[in-house]
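Number of protein chains: 2
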Amino acid sequence: MVELKAEEIFKEFRQHSVAEFFKKNRQMLGYSGMTRSLVTIVHEYVSNSLDACEEAGILPEIAVRIAETGESRYRLSVGDNGPGIPKNYIGKVLATILAGTKFHRYMQQRGQQGIGGSGCTLFSQITTGKPITATSATGTGRGYSCNISLDTVHNKPVITEYKELDGIQRGLTVEGEFADVKYENSDHGVYEYLRRTALSNPHAQIKLTDPTGQEHVFLRAIDAMPLRPKPIRPHPLGLTVNDLIDFAQVSESRKISSFLVDTFSRFSQDKVGEIGSIAKDVDMAKAPKGMTWGDSEALIKAFKQVKWIAPDATSVIPIGEEQVKVAIKNILNPEFMSVVERKPKVFRGGVPFVVEAAVAYGGNSGRKTDEGYEGNILRFANRVPLLFDSGTCAVTAAAKSMDWKRYNIDIDTQPISVFINVSSVYIPYSGVGKEAISQEDEIVDEIKLAIMEAARGVQRYISGKMQISHETNKYKTIKRYTEQLAKDLADLTGKDKEGIDRQLERLVAKHYPKALAEGGDGEQPGSGEAAAEDGEPGEEE
Amino acid sequence: MVELKAEEIFKEFRQHSVAEFFKKNRQMLGYSGMTRSLVTIVHEYVSNSLDACEEAGILPEIAVRIAETGESRYRLSVGDNGPGIPKNYIGKVLATILAGTKFHRYMQQRGQQGIGGSGCTLFSQITTGKPITATSATGTGRGYSCNISLDTVHNKPVITEYKELDGIQRGLTVEGEFADVKYENSDHGVYEYLRRTALSNPHAQIKLTDPTGQEHVFLRAIDAMPLRPKPIRPHPLGLTVNDLIDFAQVSESRKISSFLVDTFSRFSQDKVGEIGSIAKDVDMAKAPKGMTWGDSEALIKAFKQVKWIAPDATSVIPIGEEQVKVAIKNILNPEFMSVVERKPKVFRGGVPFVVEAAVAYGGNSGRKTDEGYEGNILRFANRVPLLFDSGTCAVTAAAKSMDWKRYNIDIDTQPISVFINVSSVYIPYSGVGKEAISQEDEIVDEIKLAIMEAARGVQRYISGKMQISHETNKYKTIKRYTEQLAKDLADLTGKDKEGIDRQLERLVAKHYPKALAEGGDGEQPGSGEAAAEDGEPGEEE
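If you read the protein sequences in the order shown, they are chains S and V. Residue 541 is where the first sequence ends in this note's numbering, and the numbering goes up by one at each step. Residue 1541 is where the second sequence ends in this note's numbering, and the numbering goes up by one at each step.
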């Protein structure tokens, strides 16, 4: 056996840029499969547009155009009415991986990585060799357009054909040509992605021009901006030992005591005293930069031993119960729905998040199959629809671990849609492509509780339907009997048959009011739309 | 509504290192859940050790030690007898993300990213604040040890306590302390990970010292090094337009024609002529550096129109049928197994890969449940066990899409294990944590064919068992009848009853040989171990 020496092996040693890495592993960004790849592009651009509009306080209007230019090859553009991108940032925004305004802010946003937009540029480049074109105006000064490609070796933008332009409206339009992609009308296609985006963003107006030239407009359902989540200071319970040291390193406070009050939420002078009396070995008067691992460990341990006010819920803005109802009614038009907005919870000790759940029954809920129906799950994170990788997602794990039978629901055969939106300042996605939420215990548990609460509402409705159907049958049987009885009594007593019949009917009706409300025709119990309109019995408890 | 200007928003613009990214998103590296996090560390270090030993031509001996040092806190070391790491590379190997010897080579290896080892350093650092310690000797010069941590802002190593040492054996030992981890004896724990590693690496000797101090040794089952996969030149059908330009950019050939022959496999002068006559507009005499996107597109199109010899199979080395049999027998000791090694195939046009499949029945196959058994899937990629994210994996997708009933197999209730190993110069993992294979169509299809082939063998065995059981019942019925008949005939003819009985029995036995082989006791048909010993009827066709 010829042994090779380490020195020879290490002649091969190289270092690579993050752009080179994703060029080789594009499937990790969501570019695997032609349909999914096209959705990924739409997803990245539309999420960026929505974030930008909301940050600037502008009601979003987004236009997506897709045209076929060859086999598995499409030209795609996404335009918005957002704040635009200043010319000196456009290159980095769209052609530098891990650059952006969002990564370091502790704030609820759709994007959180600084990867997506540059990933699209990379994908255009490796499939068609073409740069993408950006056209933008910020409302101050002239607009511009330019072509942008990504120097993958150095993870840097290359800008060509830069032109200043007049008459461009405020906003950003990105246009590119992509191959190895496919437009498909399916549960996992662009149309469905945008339909779900509209579902969770009723304040946005979204227009899709599909490759056949047909226009689909998802109208704005609500003319008000969602509340703007505020960047918050981190909660003491959400910190790791390492986080605390990192914050201390960059702090300009003079003492650890003031550093704690200045940097974290819910930290008062009283709390400093309380913590100091537990972590006795930590010198609270020394400079934060001098904080050791031991200091930090002692402090974090102390944080866990005192009572804290929960994280500020204003940092996390869910869609809102009313908006979810309007949206679900628009899109699924269910026979009945039960909507739940849970209180803010925390995971990893202190990262706040809110779960909203809805269970919808009938109408366009569920998925039609050859045999009838099956339930489906509509997953969202910070209002962004998640269409792929459901198998690893916390939402799927929660829904699957439910004992649906306890709620009289057969998720395999009934027209049921489960809607879940998780809102947080930080969504722990399981992958760079952001298609699934990592199965953190606290998140899975909370989603399950939310689904259970919503399912209870639907259970009562379904039980009601079953009871109505049961009463209707009894009512019909007894009515047949009373008709005969009225006739017999009339014969026997010589009294008026109609009069006896009416009396008997009143008697029966008193006992089966629901059957009577249904008209007693007993075919199928009514549609129950009233229930869907006027709310959720599920919320009474 | 107060609108915010782009210029204000972009004050927040920042660029981040890839180390900062993974520090924030550690779950993407496999650090989610305490049990999984510990397995991830073991997985990264052991894969690196196996790769290093094999590259150097050394039969691997690996020692894993895990000791509990606090609540959810463990000290872990992995030592090997490999080639070691030269001191000037140790920092970058263990504390620079995206650096290594493997990323750029077109060669079958366990590691392929240059992330794993540095990810462990990062995880130690963010959970305990401690550096990891490396001790190594390469066999030339003195050995050394040092502490290594990762400067995440600059993605650079920080080395402290460097010492040269004598008397250190050749190899590498990495030791670190990690919190937020847990040692658990489960299907997803370290012991099971190493058990499966031994299953797919019978040439390696692996020792685990668990937190109770108990030693588990997975003995080397085969005393020969696996064939060494060779780095190969890429196959023309595996190239994208962009790949071809990238290769052309760094080529030192004078002309495109010689560049093609020098750079790619299966490219002869004849092929250059053939391609040239299709891609008429490409000037084959011009310098490769001058290749345009149009040139490359025309060439790639032409590549698809001519016939090519398949990619060189020597670049992909599967475990091997005999080794798989030995390994499965050692670990599952099944009643029966059917093992299949498929021929090399390609995905994405030209990346070669080989699938090995085994279906094992009985013994320790499957997973015990409260009600009995259920089938399980043992997934491997380049001999590395994949324990997590099965929901998104190509192997799971293939196994789930099988119509098991057609093979008389009830995967939900029978003691069945499906073993799959995918070997390739490039495994398209779905995530950075490398726990699932992306569902590329060609890979899913090929895995399915492999499982089907193996399942046919098991089907015949199970059918045989059912047939035996059927014959045994018939035999018993007829035997009851012949006993009476012999008695009656003896009475009738006055002849010897025993003689008639023996004659009748011989007659019956001729028709039901299997039942007789089973002894005709008809309880449960025999264990069929012979079948497992002497091979697989499944391979006859």
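Even glycine gets a Cβ: it sits at the ideal position worked out from N, Cα and C. Since the model is a prediction, treat every value here as computed from it, not as a measurement.
Under the 8 Å Cβ criterion, the stretch 1084-1103 of chain V does not count as touching the stretch 1188-1207 of chain V, having fewer than three qualifying pairs. Within chain S, THR240, ASN242 have C-beta atoms less than 7 Å from the C-beta of V/ILE1126, given in sequence order. Within the stretch 1001-1016 of chain V, MET1001, VAL1002, GLU1003, LEU1004, LYS1005, ALA1006, GLU1007, ILE1009, PHE1010, GLU1012, PHE1013, ARG1014, GLN1015, HIS1016 place their CB atoms closer than 7 Å to a CB of chain S, listed in sequence order. Proximity of V/THR1138 to chain S, defined by a Cβ-Cβ separation below 7 Å, is satisfied.
An exposed status is given to V/SER1268, since fewer than 16 other beta-carbon atoms sit within 10 Å of its beta-carbon. A residue is called buried once 16 or more other Cβ atoms fall within 10 Å of its Cβ, and V/GLY1294, having fewer, is exposed. Relative to S/PRO415, the option among S/GLY372, S/VAL432, S/GLU453, S/ALA450 whose CA is nearest is S/GLY372.
Looking from the CA of S/SER424, the closest CA among S/ASN48, S/GLN484, S/VAL351 belongs to S/VAL351. In the displayed model, V/TYR1361 falls within a strand according to three-state DSSP.
Of all C-beta pairs linking the stretch 1405-1413 of chain V to the stretch 1207-1225 of chain V, fewer than three are shorter than 8 Å, placing the two stretches out of contact. Nearest neighbour of S/PHE388 by Cα position, chosen from S/LEU38, S/PHE13, S/ASP246, turns out to be S/LEU38.
Taking the C-beta atoms as reference points, S/GLU44 is found no nearer than 7 Å to S/GLY143. Taken through DSSP and simplified to helix, strand or coil, V/ASN1376 comes out as strand. Taking C-alpha positions only, S/GLN109 is separated from V/THR1127 by approximately 27 Å. Straight-line spacing of the CA atoms in S/HIS203 and V/LYS1345 works out to 50 Å. For S/LYS207, the enclosing beta strand (DSSP E) starts and ends at 205-209. Only those residues of the stretch 1105-1119 of chain V whose C-beta falls short of 9 Å from the nearest C-beta of chain S are listed: ARG1105, GLN1112, GLN1113, GLY1114, ILE1115. Per DSSP, the unbroken beta strand (DSSP E) holding V/PHE1336 starts and ends at 1336-1341. Cα atoms of S/LEU244 and S/PHE264: separation of roughly 10 Å, rounded to the nearest angstrom. Between the C-alpha atoms of V/ALA1052 and V/LEU1122 there is a straight-line separation of about 22 Å. Per DSSP, the beta bridge partners of V/TYR1144 are V/SER1136, V/GLU1164. Scanning V/PRO1288, V/LYS1286, V/LYS1304, V/LYS1448 for the CA closest to the CA of V/ILE1278 turns up V/LYS1304. Boundaries of the beta strand (DSSP E) harbouring V/ARG1073: 1073-1080, taken from the DSSP string. Nearest in C-alpha terms to V/SER1253, of all of V/GLN1214, V/THR1240, V/GLY1290, V/TYR1461, is V/GLY1290. Residue range 87-95 is occupied by the alpha helix (DSSP H) that includes S/ASN88. With contacts defined as CB atoms closer than 7 Å, S/GLU442 and S/PHE347 qualify as a contacting pair.
Taking a beta-carbon distance threshold of 7 Å, S/LEU50 does not count as an interface residue toward chain V. Within the stretch 258-278 of chain S, no residue places its CB atom closer than 8 Å to a CB of chain V. In summary, the residues of the stretch 50-82 of chain S whose CB is separated from some CB of chain V by less than 7 Å are GLU55, ALA56, GLY57, ILE58, in the order they occur in the chain. For V/TYR1089, the chain S residues whose C-beta falls within less than 9 Å of its own C-beta are ALA6, PHE10, PHE13, listed in chain order. Remark: three or more beta-carbon pairs, one from each stretch, lie closer than 8 Å, so the stretch 1397-1408 of chain V and the stretch 1443-1463 of chain V are flagged as touching.
The criterion of a C-beta distance shorter than 7 Å is not satisfied by V/LEU1098 and S/HIS216. Interface criterion not met: the Cβ of V/SER1037 is under 7 Å from no Cβ in chain S.
The C-beta separation of V/ASN1242 from S/GLN125 comes to about 7 Å, placing the pair in contact by the 8 Å criterion. Residues of the stretch 359-380 of chain S with a C-beta atom less than 7 Å from some C-beta of chain V do not occur. Under DSSP, V/GLU1215 forms a beta bridge with V/THR1209.
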